[in-house]
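Here is the structure we will look at.
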Amino acid sequence: KFIGASILRAWTEWGIHGEIKIEAVSPLHVSETIINTSVKNRQLKITQKLSNMSPKNLPVSLEQTVKFKGEIVFSFPEERFEIAAGEYKTITRQKDWDKQKLWSPYAPNLYQLETKLIVGDTVVDKTDMRFGFREFVIKGADFLLNGNVFRPYGGSGFPGNHGQALEDYRLHNNMFIRG
1320 KFIGASILRA
1330 WTEWGIHGEI
1340 KIEAVSPLHV
1350 SETIINTSVK
1360 NRQLKITQKL
1370 SNMSPKNLPV
1380 SLEQTVKFKG
1390 EIVFSFPEER
1400 FEIAAGEYKT
1410 ITRQKDWDKQ
1420 KLWSPYAPNL
1430 YQLETKLIVG
1440 DTVVDKTDMR
1450 FGFREFVIKG
1460 ADFLLNGNVF
1470 RPYGGSGFPG
1480 NHGQALEDYR
1490 LHNNMFIRG
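Letter by letter, the sequence shown follows residues 1320 to 1498 of this note's numbering.
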């Protein structure tokens, strides 16, 4: 009996779901991006970790642009610095932002942060990251999304197949939990 078949079945039903990719990156690249949004403070904070895995120090220009549906909303001022060979450098930038379109399940407005690392006249790394401007807070027994009471619906877990998903949906509806 082939024992691996039961393992394979578990992987296809409960394993990794979604795209897996391997990326080749420039020796100088953005290795991590964290985007924090605050509706209460009307602020955007971007923290990026830059990696220079090349054998030499590099003069770098950093350009960051926020877009909505392909249109530029604003750009941070270009920042120039040197990053040493083998160095990881963390850059944090913050901006007050009054006229953002808030994200919610009913209006899933998504922005795009485009980051370029430039050495001389050459763009050596370009990253794009989508983000929603939203703030989720628990206050007492209430969930607040963007300062408003929010009632999430649904259950937990991941259905193994389409039939299980339909069964879970019917069960949740019968229990008055809208899925």
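Every residue gets a Cβ at the ideal spot worked out from N, C-alpha and C, and that includes glycine.
| request: Using 10 angstroms around the beta-carbon of Leu1429, count the other beta-carbons present and answer buried if the total reaches 16, otherwise exposed. | output: Indexing the sequence shown from 1 puts residue 1429 at position 110. When all chains shown are included, Leu1429 counts as exposed.
Next on the checklist: Please return the same chain residues whose Cβ sits closer than 6 Å to the Cβ of Phe1450, not counting the five positions on each side in sequence.
Outcome noted: In the sequence shown, counting from the first residue as 1, residue 1450 sits at position 131. Counting only Cβ-Cβ distances below 6 Å, and skipping sequence neighbours, we find Ile1354 and Tyr1430.
**OP:** Taking Ser1423 as part of the beta strand (DSSP E), name the residues at either end of that continuous run.
**Re:** Taking the sequence shown and counting its residues from 1, the one referred to as residue 1423 is at position 104. Where Ser1423 is concerned, there is no enclosing beta strand (DSSP E), given that its DSSP letter is neither H nor E.
- Task: List the endpoints of the continuous beta strand (DSSP E) containing Lys1359.
- Result: Here residue 1359 corresponds to residue number 40 of the sequence shown, with the count starting at 1. Unbroken run through Lys1359: none, as it is neither H nor E.
- Message: Looking only at its chain, what residues have a beta carbon closer than 7 Å to the beta carbon of Ala1403, apart from the 5 residues adjacent to it on each side?
- Response: Working through the sequence shown from its first residue, we reach residue 1403 at position 84. Counting only Cβ-Cβ distances below 7 Å, and skipping sequence neighbours, we find Asn1371 and Asn1376.
### Query
Looking at Lys1414 and Gln1367, is the spacing between their C-beta atoms short of 8 Å?
Start at 1 with the first residue of the sequence shown, and residue 1367 comes out as number 48. Start at 1 with the first residue of the sequence shown, and residue 1414 comes out as number 95. The answer is no: Cβ separation not under 8 Å.
- Message: Would you call the stretch 1451-1467 in contact with the stretch 1433-1443, where contact means no fewer than 3 C-beta pairs closer than 8 Å?
- Response: no
Nearest by alpha-carbon distance to Glu1454: which of Phe1387, Glu1390, Gly1439 and Leu1421 is it? As a position in the sequence shown, residue 1454 is number 135, starting the count at 1. The shortest Cα separation from Glu1454 among Phe1387, Glu1390, Gly1439 and Leu1421 belongs to Leu1421.
- Query: Between Thr1411 and Lys1364, which are expected to be in contact by the criterion C-beta below 8 Å, what is the C-beta distance as a whole number of angstroms?
  - Reply: On the sequence shown, residue 1411 is found 92 positions in, with the first residue counted as 1. On the sequence shown, residue 1364 is found 45 positions in, with the first residue counted as 1. Sure, about 7 Å apart at Cβ, within 8 Å.
**Asked** Once you ignore the five residues that flank Phe1469 on each side, which residues in its own chain have a CB closer than 7 Å to its CB?
**Response** For the purposes of this step, residue 1469 is taken as residue 150 along the sequence shown, with counting starting at 1. Excluding positions up to five away in sequence, the list reads Phe1462 and Leu1463.
For Glu1390, the first and last residue of its enclosing beta strand (DSSP E)
For the purposes of this step, residue 1390 is identified with residue 71 of the sequence shown, where counting begins at 1. Segment Glu1390 to Ser1394, the beta strand (DSSP E) holding Glu1390.
Notebook entry, point to check: Can you tell me the Cα-Cα spacing of Pro1313 and Lys1445, whole angstroms?
Noted result: A question about residue 1313 goes unanswered here, because the residues of the chain that appear run from 1320 up to 1498.
*asked:* Between Leu1347 and Val1443, how many whole angstroms is the CB-CB distance? I'm expecting something under 8 Å.
replied: To locate residue 1347, count along the sequence shown from 1; it is residue 28. To locate residue 1443, count along the sequence shown from 1; it is residue 124. About 5 Å; that satisfies the 8 Å criterion.
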